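In my numbering, the protein residues as written are -8 to 50. Each residue gets a CB set at the ideal place from its N, CA and C atoms; glycine is no exception. Bear in mind the structure is a predicted one, so any value in this text is a computation, not a measurement.
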């Protein structure tokens, strides 16, 4: 009901906008969020990040 009587309808992806157009006959404003920010990295030891290599244990 809110979609039918709204002044503007916002969708967060194209599939939802298409559904709203097919179901209710309205044009939605698509505002995408996120991005292609996932990258592959090499795993590292947490100790390498927080413990200086010059420090030794037990000596």
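Does the beta-carbon of residue i have 16 or more other beta-carbons within 10 angstroms, so that it is buried, or is it exposed?
i          : result
residue 14 : exposed
residue -7 : exposed
Just to confirm before moving on: does the CB-CB distance between residue i and residue j stay below 9 Å?
i         : j          : result
residue 2 : residue 20 : yes
residue 4 : residue 23 : yes
Based on the DSSP output, what are the partners of residue i in its beta bridges?
i          : result
residue 35 : Looking at the DSSP assignment, residue 35 forms no beta bridge with any residue, so it has no partner.
residue -2 : Answer is none; residue -2 lacks a bridge partner.
residue 21 : 2
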